[in-house]
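Peer 1: Per UniProt numbering, the sequence shown runs over residues 1 to 384.
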Amino acid sequence: MATPTLSPSIPPTHPAVVITAARAPLSTISVPTEAPGPGEVLIHVLWTSSTPFDLHQSDGGLGIIPPHLAGGSFGGTVAQLGEGAAAGARLTVGDVVFGFDFRLPRARAHQTYLTTDAYMVSRLPAGLTLPEAVAVPANLVTAFHVTTADLGLALPWPRPADFNAGGDGGPTILVWGAAGSVGNYTLQVLRHWGYRNLLAVAAGKHHAHLRGLGARECFDYTRGDVAAEVLGYAGRAGGGADGRPRIPYIIDCIGSLEGTVRPISRVAEPGATVAVMLPVIKRHTTEDVAPEFEMDVSKVLPGEWKEGVELKGTRAFLYLQNELFKEHLQADIIPALLEQGVIKPNKLKVVEGKTLLERAEGARKLLRNQAPSGEKLVWRVADE
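Right, dumping it as C-alpha coordinates:
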(Lines of atoms letter the chains of each structure in order from A and count residues from 1; the text may use other names and numbers.)
(Lines give C-alpha, C1' and ligand atoms only; values in the text may rest on other atoms or scores of the structure.)
Protein backbone atom coordinates (compact mmCIF):
# COMPACT_ATOMS: atom_id res chain seq x y z
CA MET A 1 0.00 0.00 0.00
CA ALA A 2 1.37 3.40 -0.99
CA THR A 3 2.30 5.84 1.76
CA PRO A 4 -0.36 8.60 1.99
CA THR A 5 0.76 11.98 0.68
CA LEU A 6 -0.65 15.45 1.19
CA SER A 7 -2.45 17.26 -1.57
CA PRO A 8 -0.22 20.02 -3.01
CA SER A 9 -2.54 22.76 -1.76
CA ILE A 10 -2.18 21.73 1.89
CA PRO A 11 0.71 23.12 3.96
CA PRO A 12 3.21 20.52 5.21
CA THR A 13 3.22 22.10 8.68
CA HIS A 14 0.73 24.13 10.69
CA PRO A 15 0.47 25.92 14.07
CA ALA A 16 -0.73 24.16 17.20
CA VAL A 17 -1.31 25.29 20.78
CA VAL A 18 0.57 23.23 23.37
CA ILE A 19 0.83 22.97 27.14
CA THR A 20 4.51 23.26 28.10
CA ALA A 21 4.02 22.80 31.86
CA ALA A 22 1.16 22.88 34.35
CA ARG A 23 -0.02 26.48 34.87
CA ALA A 24 2.65 27.83 32.51
CA PRO A 25 1.59 30.13 29.65
CA LEU A 26 0.42 28.22 26.61
CA SER A 27 2.65 28.21 23.53
CA THR A 28 2.27 27.74 19.80
CA ILE A 29 4.55 25.45 17.83
CA SER A 30 4.71 24.21 14.25
CA VAL A 31 3.72 20.56 13.78
CA PRO A 32 3.59 18.30 10.69
CA THR A 33 0.35 18.05 8.75
CA GLU A 34 -0.35 14.32 8.43
CA ALA A 35 -1.89 12.95 5.24
CA PRO A 36 -4.99 10.82 5.87
CA GLY A 37 -4.58 7.07 5.54
CA PRO A 38 -7.28 4.52 4.69
CA GLY A 39 -10.59 5.45 6.30
CA GLU A 40 -9.20 8.74 7.58
CA VAL A 41 -9.96 12.38 6.90
CA LEU A 42 -7.85 15.54 7.08
CA ILE A 43 -9.76 18.52 8.46
CA HIS A 44 -8.94 22.19 8.30
CA VAL A 45 -9.93 23.27 11.81
CA LEU A 46 -11.82 26.54 12.03
CA TRP A 47 -13.49 26.35 15.47
CA THR A 48 -13.11 24.52 18.76
CA SER A 49 -14.79 24.52 22.15
CA SER A 50 -13.23 24.39 25.59
CA THR A 51 -14.10 21.94 28.36
CA PRO A 52 -13.11 21.62 32.02
CA PHE A 53 -10.90 18.70 30.97
CA ASP A 54 -8.76 21.14 28.96
CA LEU A 55 -8.27 23.14 32.16
CA HIS A 56 -7.46 20.02 34.19
CA GLN A 57 -4.67 19.31 31.73
CA SER A 58 -3.30 22.84 31.44
CA ASP A 59 -3.53 23.86 35.11
CA GLY A 60 -3.19 20.48 36.78
CA GLY A 61 -1.08 18.54 34.29
CA LEU A 62 -3.66 15.77 34.39
CA GLY A 63 -2.46 12.76 32.41
CA ILE A 64 -0.13 14.67 30.11
CA ILE A 65 3.53 14.74 29.17
CA PRO A 66 4.51 18.25 27.96
CA PRO A 67 4.61 19.59 25.38
CA HIS A 68 1.01 18.45 25.10
CA LEU A 69 -1.34 19.28 22.24
CA ALA A 70 -4.86 19.46 23.68
CA GLY A 71 -8.43 19.94 22.51
CA GLY A 72 -11.24 17.51 21.80
CA SER A 73 -14.05 19.19 19.85
CA PHE A 74 -13.38 20.51 16.35
CA GLY A 75 -15.28 22.12 13.53
CA GLY A 76 -13.99 22.85 10.06
CA THR A 77 -13.88 21.65 6.48
CA VAL A 78 -12.73 18.41 4.88
CA ALA A 79 -9.37 19.13 3.23
CA GLN A 80 -8.47 15.62 2.04
CA LEU A 81 -9.88 12.11 2.23
CA GLY A 82 -7.93 8.91 2.69
CA GLU A 83 -8.72 5.78 0.75
CA GLY A 84 -12.22 4.53 1.57
CA ALA A 85 -13.18 7.54 3.71
CA ALA A 86 -15.77 8.61 1.15
CA ALA A 87 -17.59 5.25 1.30
CA GLY A 88 -21.28 5.72 0.71
CA ALA A 89 -20.61 9.31 -0.37
CA ARG A 90 -20.89 10.36 3.29
CA LEU A 91 -17.95 12.76 3.12
CA THR A 92 -16.48 14.79 0.31
CA VAL A 93 -13.70 17.37 0.15
CA GLY A 94 -15.09 20.75 1.13
CA ASP A 95 -17.79 19.40 3.46
CA VAL A 96 -18.35 21.40 6.64
CA VAL A 97 -17.95 19.00 9.54
CA PHE A 98 -17.50 18.77 13.28
CA GLY A 99 -16.51 16.10 15.78
CA PHE A 100 -14.71 15.00 18.91
CA ASP A 101 -11.40 13.16 19.13
CA PHE A 102 -8.80 12.89 21.86
CA ARG A 103 -6.67 9.83 21.17
CA LEU A 104 -3.53 11.08 19.41
CA PRO A 105 -1.92 14.52 18.97
CA ARG A 106 -2.63 14.37 15.21
CA ALA A 107 -6.38 14.27 15.96
CA ARG A 108 -6.70 16.94 18.65
CA ALA A 109 -8.47 20.22 18.05
CA HIS A 110 -6.15 23.03 19.12
CA GLN A 111 -4.34 23.11 15.78
CA THR A 112 -5.27 24.28 12.32
CA TYR A 113 -5.23 20.82 10.70
CA LEU A 114 -6.05 17.46 12.23
CA THR A 115 -6.22 13.90 10.95
CA THR A 116 -8.79 11.48 12.32
CA ASP A 117 -10.98 8.50 11.43
CA ALA A 118 -14.03 9.23 9.33
CA TYR A 119 -16.32 7.68 11.95
CA MET A 120 -15.28 10.44 14.38
CA VAL A 121 -16.76 13.10 12.10
CA SER A 122 -20.28 14.51 11.68
CA ARG A 123 -21.50 16.47 8.69
CA LEU A 124 -22.95 19.85 9.62
CA PRO A 125 -26.78 19.70 9.52
CA ALA A 126 -28.72 22.38 7.71
CA GLY A 127 -29.68 25.32 9.86
CA LEU A 128 -26.77 24.97 12.26
CA THR A 129 -23.69 27.19 12.39
CA LEU A 130 -20.23 25.73 12.92
CA PRO A 131 -19.77 27.50 16.29
CA GLU A 132 -23.07 25.99 17.45
CA ALA A 133 -22.09 22.54 16.25
CA VAL A 134 -18.64 22.54 17.80
CA ALA A 135 -20.25 23.08 21.21
CA VAL A 136 -22.05 19.74 20.96
CA PRO A 137 -19.97 16.57 20.44
CA ALA A 138 -17.78 16.21 23.56
CA ASN A 139 -20.63 16.68 25.97
CA LEU A 140 -23.27 14.85 23.95
CA VAL A 141 -20.94 11.86 23.62
CA THR A 142 -20.55 12.01 27.41
CA ALA A 143 -24.32 12.04 27.89
CA PHE A 144 -24.71 8.87 25.81
CA HIS A 145 -21.80 7.16 27.53
CA VAL A 146 -22.82 7.92 31.13
CA THR A 147 -26.40 6.82 30.45
CA THR A 148 -25.53 3.51 28.83
CA ALA A 149 -22.16 2.44 30.23
CA ASP A 150 -22.40 3.80 33.79
CA LEU A 151 -26.13 3.74 34.54
CA GLY A 152 -26.84 0.74 32.31
CA LEU A 153 -29.93 2.33 30.76
CA ALA A 154 -31.07 1.61 27.21
CA LEU A 155 -30.75 4.09 24.33
CA PRO A 156 -31.41 1.87 21.28
CA TRP A 157 -30.67 3.27 17.83
CA PRO A 158 -32.62 3.75 15.71
CA ARG A 159 -35.08 4.40 18.51
CA PRO A 160 -38.02 2.01 18.05
CA ALA A 161 -41.39 3.71 17.80
CA ASP A 162 -42.67 1.50 20.61
CA PHE A 163 -39.60 1.82 22.85
CA ASN A 164 -40.61 1.89 26.49
CA ALA A 165 -38.19 3.45 28.95
CA GLY A 166 -40.13 1.82 31.78
CA GLY A 167 -43.50 2.00 33.42
CA ASP A 168 -44.80 5.49 34.23
CA GLY A 169 -41.94 7.21 32.42
CA GLY A 170 -39.07 5.07 33.64
CA PRO A 171 -36.98 5.25 36.81
CA THR A 172 -36.24 8.46 38.64
CA ILE A 173 -32.94 9.94 37.44
CA LEU A 174 -31.28 12.87 39.20
CA VAL A 175 -29.02 15.10 37.09
CA TRP A 176 -26.85 17.22 39.39
CA GLY A 177 -25.19 20.14 37.63
CA ALA A 178 -27.91 20.12 34.99
CA ALA A 179 -27.21 23.64 33.73
CA GLY A 180 -23.79 22.62 32.44
CA SER A 181 -23.19 21.20 29.02
CA VAL A 182 -23.23 17.52 30.03
CA GLY A 183 -26.36 18.09 32.10
CA ASN A 184 -28.14 19.92 29.28
CA TYR A 185 -27.54 17.14 26.79
CA THR A 186 -28.24 14.35 29.28
CA LEU A 187 -31.72 15.74 29.92
CA GLN A 188 -32.41 16.06 26.20
CA VAL A 189 -31.20 12.54 25.41
CA LEU A 190 -33.19 10.95 28.22
CA ARG A 191 -36.33 12.87 27.28
CA HIS A 192 -36.07 11.73 23.65
CA TRP A 193 -35.86 8.09 24.71
CA GLY A 194 -38.94 8.42 26.89
CA TYR A 195 -37.47 8.87 30.35
CA ARG A 196 -39.81 11.28 32.10
CA ASN A 197 -38.93 11.14 35.79
CA LEU A 198 -35.98 13.50 35.49
CA LEU A 199 -34.90 15.70 38.40
CA ALA A 200 -32.40 18.51 37.95
CA VAL A 201 -30.17 20.39 40.40
CA ALA A 202 -28.90 23.78 39.24
CA ALA A 203 -29.02 27.46 40.17
CA GLY A 204 -32.57 28.79 40.15
CA LYS A 205 -31.99 31.10 37.19
CA HIS A 206 -31.68 28.02 34.94
CA HIS A 207 -34.81 26.17 36.08
CA ALA A 208 -37.21 27.37 33.39
CA HIS A 209 -34.75 26.37 30.68
CA LEU A 210 -34.16 22.95 32.24
CA ARG A 211 -37.85 22.22 32.45
CA GLY A 212 -37.99 22.94 28.74
CA LEU A 213 -35.28 20.31 28.22
CA GLY A 214 -37.24 17.63 30.06
CA ALA A 215 -36.74 18.11 33.80
CA ARG A 216 -39.89 17.23 35.75
CA GLU A 217 -38.72 19.14 38.82
CA CYS A 218 -35.75 21.40 39.56
CA PHE A 219 -33.90 22.16 42.78
CA ASP A 220 -31.64 25.10 43.64
CA TYR A 221 -28.37 24.00 45.25
CA THR A 222 -27.78 27.56 46.54
CA ARG A 223 -30.82 27.48 48.86
CA GLY A 224 -31.36 25.42 51.99
CA ASP A 225 -30.71 21.70 52.33
CA VAL A 226 -31.06 20.65 48.72
CA ALA A 227 -30.27 17.00 49.47
CA ALA A 228 -33.19 16.74 51.89
CA GLU A 229 -35.43 18.64 49.49
CA VAL A 230 -34.63 16.27 46.61
CA LEU A 231 -35.22 13.15 48.71
CA GLY A 232 -38.44 14.56 50.13
CA TYR A 233 -39.81 15.26 46.67
CA ALA A 234 -38.85 11.82 45.39
CA GLY A 235 -40.54 10.17 48.34
CA ARG A 236 -43.74 12.13 47.87
CA ALA A 237 -43.70 11.12 44.19
CA GLY A 238 -43.76 7.47 45.21
CA GLY A 239 -40.08 6.62 45.11
CA GLY A 240 -38.82 4.04 47.58
CA ALA A 241 -42.24 2.56 48.30
CA ASP A 242 -41.06 -0.92 47.29
CA GLY A 243 -37.91 -0.82 49.39
CA ARG A 244 -35.70 0.39 46.57
CA PRO A 245 -33.91 3.76 46.68
CA ARG A 246 -36.10 6.80 46.19
CA ILE A 247 -33.69 7.93 43.47
CA PRO A 248 -32.10 4.86 41.85
CA TYR A 249 -29.90 6.75 39.35
CA ILE A 250 -27.81 9.86 39.99
CA ILE A 251 -25.46 11.65 37.56
CA ASP A 252 -22.93 14.13 38.92
CA CYS A 253 -22.11 16.28 35.89
CA ILE A 254 -19.52 18.36 37.77
CA GLY A 255 -17.44 16.08 39.98
CA SER A 256 -16.62 18.68 42.66
CA LEU A 257 -15.80 17.04 45.99
CA GLU A 258 -17.50 19.61 48.18
CA GLY A 259 -19.83 21.22 45.66
CA THR A 260 -21.54 18.10 44.29
CA VAL A 261 -20.12 14.79 45.51
CA ARG A 262 -20.66 15.43 49.21
CA PRO A 263 -24.32 16.48 48.93
CA ILE A 264 -24.95 13.58 46.55
CA SER A 265 -23.54 11.22 49.18
CA ARG A 266 -26.46 12.32 51.38
CA VAL A 267 -28.98 11.66 48.61
CA ALA A 268 -27.74 8.24 47.48
CA GLU A 269 -29.51 5.38 49.25
CA PRO A 270 -28.61 1.65 49.25
CA GLY A 271 -29.12 0.24 45.77
CA ALA A 272 -28.59 3.55 43.98
CA THR A 273 -26.10 3.94 41.14
CA VAL A 274 -24.09 7.17 41.19
CA ALA A 275 -22.03 8.22 38.15
CA VAL A 276 -19.47 10.96 38.79
CA MET A 277 -17.61 12.84 36.07
CA LEU A 278 -13.87 12.28 36.41
CA PRO A 279 -11.64 13.63 37.67
CA VAL A 280 -13.19 14.45 41.04
CA ILE A 281 -11.99 17.97 41.81
CA LYS A 282 -10.69 18.03 45.37
CA ARG A 283 -9.48 21.62 44.99
CA HIS A 284 -10.44 23.99 42.21
CA THR A 285 -7.75 25.88 40.36
CA THR A 286 -7.44 29.64 40.74
CA GLU A 287 -4.96 32.23 39.56
CA ASP A 288 -2.91 31.52 42.70
CA VAL A 289 -3.71 27.91 43.62
CA ALA A 290 -3.04 24.68 41.73
CA PRO A 291 -5.87 22.15 41.48
CA GLU A 292 -6.01 18.74 43.13
CA PHE A 293 -7.78 15.72 41.61
CA GLU A 294 -8.81 12.17 42.36
CA MET A 295 -9.24 9.72 39.51
CA ASP A 296 -10.44 6.77 41.61
CA VAL A 297 -14.02 7.46 42.65
CA SER A 298 -13.88 4.66 45.23
CA LYS A 299 -11.41 6.78 47.21
CA VAL A 300 -13.77 9.76 47.40
CA LEU A 301 -15.46 10.26 50.79
CA PRO A 302 -14.60 6.78 52.09
CA GLY A 303 -16.96 5.64 54.83
CA GLU A 304 -19.53 8.33 54.02
CA TRP A 305 -21.50 6.44 51.37
CA LYS A 306 -24.32 4.17 52.48
CA GLU A 307 -23.63 0.49 52.06
CA GLY A 308 -25.01 -0.76 48.76
CA VAL A 309 -24.46 2.47 46.79
CA GLU A 310 -22.70 1.70 43.50
CA LEU A 311 -20.18 4.36 42.49
CA LYS A 312 -19.08 4.77 38.88
CA GLY A 313 -16.41 7.12 37.55
CA THR A 314 -17.42 8.44 34.14
CA ARG A 315 -14.72 8.52 31.45
CA ALA A 316 -16.28 9.70 28.20
CA PHE A 317 -13.17 8.66 26.28
CA LEU A 318 -14.19 5.02 26.75
CA TYR A 319 -17.32 5.38 24.62
CA LEU A 320 -15.46 3.77 21.70
CA GLN A 321 -15.68 0.43 23.53
CA ASN A 322 -19.34 0.39 22.47
CA GLU A 323 -19.19 -0.81 18.85
CA LEU A 324 -22.51 0.81 17.90
CA PHE A 325 -21.38 4.15 19.26
CA LYS A 326 -17.89 3.82 17.77
CA GLU A 327 -19.22 3.45 14.24
CA HIS A 328 -22.40 5.51 14.41
CA LEU A 329 -22.57 7.95 17.34
CA GLN A 330 -20.65 10.77 15.67
CA ALA A 331 -21.05 9.66 12.07
CA ASP A 332 -24.84 9.23 12.14
CA ILE A 333 -26.64 9.62 15.48
CA ILE A 334 -25.46 13.06 16.57
CA PRO A 335 -26.05 14.82 13.22
CA ALA A 336 -29.47 13.13 12.91
CA LEU A 337 -30.56 14.29 16.37
CA LEU A 338 -29.40 17.84 15.63
CA GLU A 339 -31.09 17.91 12.21
CA GLN A 340 -34.35 16.64 13.70
CA GLY A 341 -34.24 19.29 16.41
CA VAL A 342 -34.16 16.66 19.15
CA ILE A 343 -30.93 18.16 20.52
CA LYS A 344 -30.58 21.91 20.88
CA PRO A 345 -27.00 23.25 21.14
CA ASN A 346 -25.83 25.10 24.22
CA LYS A 347 -25.89 28.82 24.56
CA LEU A 348 -22.52 30.09 23.34
CA LYS A 349 -19.87 32.45 24.57
CA VAL A 350 -17.39 33.28 21.81
CA VAL A 351 -13.87 33.90 23.11
CA GLU A 352 -12.27 36.71 21.13
CA GLY A 353 -8.59 37.38 20.48
CA LYS A 354 -6.28 38.57 17.72
CA THR A 355 -4.31 35.32 17.52
CA LEU A 356 -4.82 31.61 18.04
CA LEU A 357 -2.74 31.81 21.22
CA GLU A 358 -4.71 34.76 22.62
CA ARG A 359 -7.99 32.94 22.10
CA ALA A 360 -6.68 29.76 23.71
CA GLU A 361 -5.39 31.67 26.74
CA GLY A 362 -8.62 33.64 26.96
CA ALA A 363 -10.65 30.45 27.10
CA ARG A 364 -8.38 29.00 29.78
CA LYS A 365 -8.74 32.11 31.92
CA LEU A 366 -12.53 32.03 31.70
CA LEU A 367 -12.58 28.36 32.71
CA ARG A 368 -10.15 29.00 35.56
CA ASN A 369 -12.38 31.77 36.89
CA GLN A 370 -15.46 29.53 36.52
CA ALA A 371 -17.02 32.28 34.41
CA PRO A 372 -19.25 30.18 32.11
CA SER A 373 -22.74 29.60 33.51
CA GLY A 374 -25.18 27.72 31.32
CA GLU A 375 -23.05 28.45 28.24
CA LYS A 376 -20.27 26.89 26.22
CA LEU A 377 -16.96 28.54 25.35
CA VAL A 378 -16.13 28.42 21.64
CA TRP A 379 -13.27 30.06 19.80
CA ARG A 380 -11.75 30.38 16.38
CA VAL A 381 -8.71 28.23 15.55
CA ALA A 382 -7.60 29.04 11.98
CA ASP A 383 -7.81 32.70 11.04
CA GLU A 384 -8.42 32.15 7.34
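Beta carbons: idealized from backbone N, C-alpha and C, even for Gly.
Going by DSSP in three states, L329 sits in which element: helix, strand or coil?
Peer 2: In the structure shown, L329 sits in a helix (DSSP, three-state: H, G or I).
Peer 1: Which runs of the alpha helix (DSSP H) at least 4 residues long sit entirely within the region 83-152? Give them in chain order.
Peer 2: Entirely contained in the region 83-152, the alpha helix (DSSP H) runs reaching 4 residues are, in chain order, 130-134, 137-145.
Peer 1: CB L338 to CB L128, shorter than 9 angstroms?
Peer 2: Yes, these two residues count as a Cβ contact at 9 angstroms.
Peer 1: Could you say which of N164, Q370, E352 lies nearest to D383 if we only look at CA atoms?
Peer 2: Selected option, being the one with the closest Cα: E352.
Peer 1: Taking only runs of the beta strand (DSSP E) that begin and end inside the region 33-72, which ones reach a length of at least 3 residues, in chain order?
Peer 2: Counting whole runs of 3 or more residues, the region 33-72 contains the beta strand (DSSP E) stretches 40-49.
Peer 1: Taking only three categories from DSSP, how would you classify K282?
Peer 2: Strand at K282.
Peer 1: Between W193 and R159, what straight-line distance do the alpha-carbon atoms span, to the nearest angstrom?
Peer 2: Using only the alpha carbons, I get a separation of about 7 angstroms.
Peer 1: Rounded C-beta distance between L55 and L278? I'm assuming under 8 angstroms.
Peer 2: Contact doesn't hold; Cβ gap of about 14 angstroms is too wide.
Peer 1: Under 9 angstroms between the Cβ atoms of A336 and V309?
Peer 2: No, the pair does not count as a contact, with Cβ atoms beyond the cut-off.
Peer 1: For G214, which residues of its own chain have a beta-carbon under 6 angstroms away from its beta-carbon, when the five flanking residues on both sides are left out?
Peer 2: If we look at G214 and ignore the five residues flanking it on each side, its Cβ neighbours are L187, R191, L198.
Peer 1: Tell me whether E292 sits in a helix, a strand or coil according to DSSP, three-state version.
Peer 2: Of the three classes helix, strand and coil, the one that applies to E292 here is strand, per DSSP.
Peer 1: What are the start and end residues of the alpha helix (DSSP H) that includes I264?
Peer 2: From DSSP, the alpha helix (DSSP H) with I264 extends over 262-267.
Peer 1: Work out the CA separation of L140 and V331 for me, nearest whole Å.
Peer 2: The question names Val, but residue 331 in the sequence shown is Ala. If you take the alpha carbons of A331 and L140, they lie about 13 angstroms apart.
Peer 1: DSSP three-state label for Y249, please.
Peer 2: Looking at Y249 - three-state DSSP - the assignment turns out to be strand.
Peer 1: Figure out for me which residue from A208, I64, A200 has the closest Cα to the Cα of T260.
Peer 2: With distances taken between Cα atoms, T260 lies closest to A200.
Peer 1: Going by DSSP, which residues form a beta bridge with F219?
Peer 2: DSSP, once it has assigned bridges, lists V201 as partnering F219.
Peer 1: What are the start and end residues of the alpha helix (DSSP H) that includes H207?
Peer 2: Run containing H207: 207-213, per the alpha helix (DSSP H) assignment.
Peer 1: Could you check which residue in A79, F100, T112 has the C-alpha nearest to that of K326?
Peer 2: When each option's Cα is compared against that of K326, the closest is F100.
Peer 1: Assuming R359 and R380 form a contact by the criterion Cβ under 8 angstroms, report the distance between their Cβ atoms to the nearest whole angstrom.
Peer 2: R359 to R380, Cβ: 6 angstroms. Contact.
Peer 1: Can you check whether the CB of G76 is closer than 9 angstroms to the CB of L104?
Peer 2: Not closer than 9 angstroms, so no.
Peer 1: According to DSSP, simplified to helix, strand and coil, what is G76?
Peer 2: G76 falls in the strand class under three-state DSSP.
Peer 1: Evaluate V97 with the Cβ neighbour count: other Cβ atoms within 10 Å of its Cβ, from every protein chain shown; 16 or more gives buried, anything less gives exposed.
Peer 2: So V97 counts as buried.
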